[in-house]
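Protein chains in written order, with my numbering: chain A, 3 to 117; chain X, 3 to 117.
All C-beta atoms in this analysis are idealised placements derived from N, C-alpha and C, irrespective of residue type, glycine included.
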C-alpha cells in the first residue's frame, strides 16, 4: 500500500476557537504586508473574514492583536502587538514539539503497515 | 484572560487525506449500526458523502474497509474489515499518545499567559 504520513493540526480554544494555523499565517502576512487587507488578499481570504478572525481573537484573549497606525512618516499600517506575537511564537514552538513527537512515535504505532 | 486549552487533530495521508476523526467516527458507527447508511444518518452525514469517504480510503489504502453481507441468518449488513479495524485502533492509540504529550507540554509553552 501507499506510504502513510501524518499531519497534525493544533488549535487553541477559550470557550471557542481562538488560535490555529489560519490565524498564525494571517499574522505572518500582516508582518510582511503591514496591512490586514493586503495580508488577507495575499492568502485569498476575504477581508471581512480576516477582520472577524482578528476581532474574535481579541475578544477571546482579552488584548489587542493588531495595532493600526494611520498615516505618519512611514505611511502607517498594521503591526502585530507584542502580546499577540508572544502567543504566535509560543504556538509555533508548541506545534514544532508536537510534530517532532508525533513523527517519532508514528513508526511505533503504524509499523504493521510495512509488513 | 480566559483559560486556553488545546485541541489536536490527527490526519493520515497517502498522497491525499485518507484517515482522520470523521472516518474514525464513521467506522465506530458502522460497528453500532451494521449499516453504512444508518451510520451516516446517525451522524447527520449524507450517505453519498459516507460512501465517498469509505471508497477513497479503500482506494488510497489498497484494501477493503467494509465488508457488506447481503441477507443471511442475521439479515446481512456492513462490518469493518480486520485490516481497517487495525488502522482504526492504531490511529486511536496514536491520538491518545499525542494528546497526552500535548497536554503535558502545554503548560511549559503557555505558562506566560497565567501571569
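* Hey, is residue 5 of chain A's beta-carbon within less than 8 Å of any beta-carbon in chain X? -> Walking along the first chain from the start, residue 5 of chain A turns up at place 3. Chain X, which has a Cβ nearer than 8 Å to the Cβ of residue 5 of chain A, makes this yes.
* For residue 12 of chain X versus residue 100 of chain X, is the C-beta distance shorter than 8 Å? -> Walking along the second chain from the start, residue 12 of chain X turns up at place 10. Walking along the second chain from the start, residue 100 of chain X turns up at place 98. Yes, they are a contact pair.
* In three-state terms, what does DSSP make of residue 112 of chain A? -> For the purposes of this step, residue 112 of chain A is identified with residue 110 of the first chain, where counting begins at 1. Correct three-state label for residue 112 of chain A: helix.
* To do: Figure out for me which residue from A:109, A:92, A:105 has the closest Cα to the Cα of residue 109 of chain X.
  => Mapped onto the second chain, residue 109 of chain X falls at position 107. Comparing Cα positions, the closest option is A:92.
* **Where the stretch 66 to 100 of chain A meets chain X: residues whose CB sits under 7 Å from a CB there** => 88, 92, 95, 96, 99, 100
* Should residue 10 of chain X and residue 104 of chain X be called a contact, given that it needs their Cβ atoms to be closer than 8 Å? -> Along the second chain, read from residue 1 onward, the residue named residue 10 of chain X stands at position 8. Along the second chain, read from residue 1 onward, the residue named residue 104 of chain X stands at position 102. Yes; because the gap between Cβ atoms is below 8 Å, this pair is in contact.
* To do: Taking the CB atoms as reference points, tell me whether residue 41 of chain X and residue 52 of chain X lie closer together than 8 Å.
  => Indexing the second chain from 1 puts residue 41 of chain X at position 39. Indexing the second chain from 1 puts residue 52 of chain X at position 50. It is a contact, given that the beta carbons lie within the stated cut-off.
* Asked: Which first and last residues belong to the alpha helix (DSSP H) in which residue 24 of chain A is found?
  -> For the purposes of this step, residue 24 of chain A is identified with residue 22 of the first chain, where counting begins at 1. Residues 23 to 35.
* Would you mind telling me which residues of chain A sit closer than 8 Å to residue 26 of chain X, beta carbon to beta carbon, in chain order? => Within the second chain, the letter at position 24 stands for residue 26 of chain X. Ordered by position in chain A, no residue passes the 8 Å Cβ test against residue 26 of chain X, which lies about 14 Å from the chain.
* Find out if the Cβ-Cβ distance for the pair residue 37 of chain X, residue 80 of chain X is shorter than 8 Å. => Counted from its first residue, the second chain places residue 37 of chain X at position 35. Counted from its first residue, the second chain places residue 80 of chain X at position 78. Yes, Cβ-Cβ distance for residue 37 of chain X and residue 80 of chain X is below 8 Å.
* Given residue 6 of chain A, which residues of its chain have a CB within under 7 Å of its CB, disregarding the five upstream and five downstream residues? -> Walking along the first chain from the start, residue 6 of chain A turns up at place 4. Only 112, 115 meet the Cβ criterion.
* Asked: Considering only residues of the same chain and omitting the five flanking positions on each side of residue 78 of chain X, which have a CB-CB separation below 7 Å?
  -> Taking the second chain and counting its residues from 1, the one referred to as residue 78 of chain X is at position 76. Hits under 7 Å: 71, 72.
* Run down chain A in chain order and give the residues with a C-beta less than 7 Å from the C-beta of residue 111 of chain X. => For this step, residue 111 of chain X is matched to residue 109 along the second chain. Near residue 111 of chain X (Cβ distances below 7 Å), the residues of chain A are 92, 95, 96.
* Residues bridged to residue 71 of chain X by DSSP? -> The count along the second chain starts at 1 and reaches residue 71 of chain X at position 69. Looking at the DSSP assignment, residue 71 of chain X forms a beta bridge with X:79.
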